[in-house]
Amino acid sequence: MADKSLLGTDEIPLYPVSQDEKNLGLLSHIITLVSSFIAPLIIYILKKNESEFVAAHAKESLNFQITIVIVCFICIISIVGILLLWVVGIYSFILVIVATVRASEGRLYKYPFCLRLLK
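Under this note's numbering, the first residue of the sequence shown is numbered 1, with each subsequent residue one higher.
Spelled out as structure tokens, the structure:
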């Protein structure tokens, strides 16, 4: 059963997940703390045909990072948004950590408030 909250949803995949897949899934989230959307894009391109689990995590991470870039851009161009930029940063950091933990547990994760540009 999926857990719904402000921290996103997760579910158990329908197939067994190897430790390597868990590691790449976790890497696709945690590496965004230093590379934004570039790393999940590379992981997605390289692994999309090899592992559904890794592809799902990389795609979700990529969609979330693109969403954060858009939200930050909107915050920067608005006066009130500049004051809220730090809230966006802290919330996105927390969500990345939650997604990393879910990937390490072998669970599929969906970020809340995420534009799903890649389907």
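Where a beta carbon is used, it is the ideal one built from N, C-alpha and C, also for glycine.
Can you grab the Cα-Cα spacing for the pair residue i / residue j, in whole Å?
i: A55; j: I12; result: 15 Å
i: H57; j: S5; result: 18 Å
i: C72; j: V87; result: 10 Å
i: E105; j: F93; result: 19 Å
i: V69; j: N49; result: 27 Å
i: G81; j: T32; result: 22 Å
i: S78; j: Y15; result: 45 Å
i: T67; j: V17; result: 28 Å
Excluding the five sequence neighbours on either side, which residues of its own chain have a C-beta within less than 7 Å of the C-beta of residue i, listed in chain order?
i: L62; result: F37, P40, L41, Y44, L118
i: Y111; result: G8, E60, F64, L95, A99
i: A103; result: K22, G25, L26, H29, H57, Y109
Tell me, which residues are paired with residue i by DSSP?
i: Y109; result: D10
May I ask you to report which of helix, strand or coil DSSP gives residue i?
i: V17; result: coil
i: N49; result: coil
i: I97; result: helix
i: S5; result: coil
Whose C-alpha, out of the options, is nearest the C-alpha of residue i?
i: Q19; options: F53, I74, K48; result: F53
Looking only at its chain, what residues have a beta carbon closer than 8 Å to the beta carbon of residue i, apart from the 5 residues adjacent to it on each side?
i: K47; result: L24, V54, A55, A58
Between residue i and chain B, is any beta-carbon pair separated by less than 8 Å?
i: I38; result: In summary, chain B is missing from the structure at hand, where a single protein chain is found.
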